[in-house]
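Residue numbers (the UniProt record's numbering): 1 to 215.
A virtual CB, placed ideally from N, CA and C, is assigned to each residue, including glycine.
Structure, as structure tokens:
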Amino acid sequence: MNIILLGPPGAGKGTQAHRLVAERGMVQLSTGDMLRAARTSGTEMGNKVADIMDKGGLVTDEIVIGLIAEQLDAGAGESGIIFDGFPRTLAQADALTQLLDAKGKKLDVVVEMKVDDEALVQRVIGRFTCGNCGAVYHDVTKPTSKEGVCDKCGSTDFNRRSDDNEDSMRTRLMTYYRETSPLIGYYYAHGKLNSIDGLGEIEAVASRVAKALEV
Ligand code: AP5
Ligand code: ZN
């Protein structure tokens with residue numbers, strides 16, 4: 001099954017995607033992760049997008065559609081794909097339909113995760129990730145069991161994202177409402193939308209996601 005996790009920054013898309021990967025063997029395609037990897041390895045594209053990302057704007061459709069096309073061409077996702085953070089514009093949504101069609105694949109469901117703005121800001125400001133395995137934590141709601149040690153891999157190397165500050169987050173939210181929220185109506189009109197409450201314990205949200213996938 002191929003799904004989109006749609007929601008504002010900090011809605012929990014990455015957290016829930018990691019669970020689906022572990023539980024169902026699906027593949028997570030996160031354009032945010034791909035762009036950050038390009039920045040870390042210092043590619044020309046990575047350098048070009050760094051400033052836009054740090055300020056909370058959107059990278060061009062051409063770049064992100066290209067990243068997703070590459071993954072699909074490489075055969076990603078025979079046991080199902082989770083699109084995380086893509087599409088983010090109507091042009092990206094149209095491109096995704098065409099890319100999937102060309103591979104004989106279809107989109108099964110779009111899970112919209114709803115969370116209010118203040119909770120989103122708190123979540124993003126407290127977020128940190130394991131530098132080795134990518135596990136996502138939060139200072140308050142999901143700390144590591146042993147301070148400074150990743151529960152999943154034992155690494156002591158953690159990262160905080162350069163766009164996880166209040167200023168950038170406010171811009172990311174505005175960008176979401178302006179550019180990405182029209183996709184809610186778009187997918188509703190296509191009969192694909194299933195909206196869930198993204199507030200509450202991570203486990204409770206996971207149950208709602210699982211229910212939303214029963215289509
Ligand atoms: P991207 O990496 O996609 O970031 P985002 O959409 O802003 O989403 P986040 O990763 O911030 O949040 P999330 O929903 O995954 O939340 P998480 O699970 O981590 O994009 C970054 C940038 O790249 C963009 O701004 C843009 O510039 C560019 N970009 C990417 N894709 C693009 C595209 N398609 N087009 C153009 N530009 C693009 O959770 C957040 C925190 O909350 C964590 O600490 C977590 O532990 C905690 N948490 C999660 N669930 C809960 C819960 N239920 N209760 C309490 N805490 C929780
Ligand atoms: Zn780890």
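The secondary-structure analysis by DSSP pairs K142 across a beta bridge with H138. With a cutoff of 8 Å on beta-carbon distance, D167 and M53 are scored as not near each other.
Taking a contact as a CB-CB distance under 8 Å, the pair L183 and L90 counts as one, their CB atoms being some 7 Å apart.
Annotation: T97 to K146 spans about 44 Å, alpha carbon to alpha carbon. Around N132, the same chain offers C150, C153, S155, D157 as residues with beta carbons nearer than 7 Å, after the five sequence neighbours per side are excluded. With fewer than 16 other CB atoms across the displayed protein chains lying within 10 angstroms of its CB, S41 is exposed. The shortest CA-to-CA distance from K192 to any of C130, A204, E214, A102 is the one to E214. Pairing S30 with D101 gives a Cβ-Cβ distance that is not under 8 Å. Taken through DSSP and simplified to helix, strand or coil, D84 comes out as strand.
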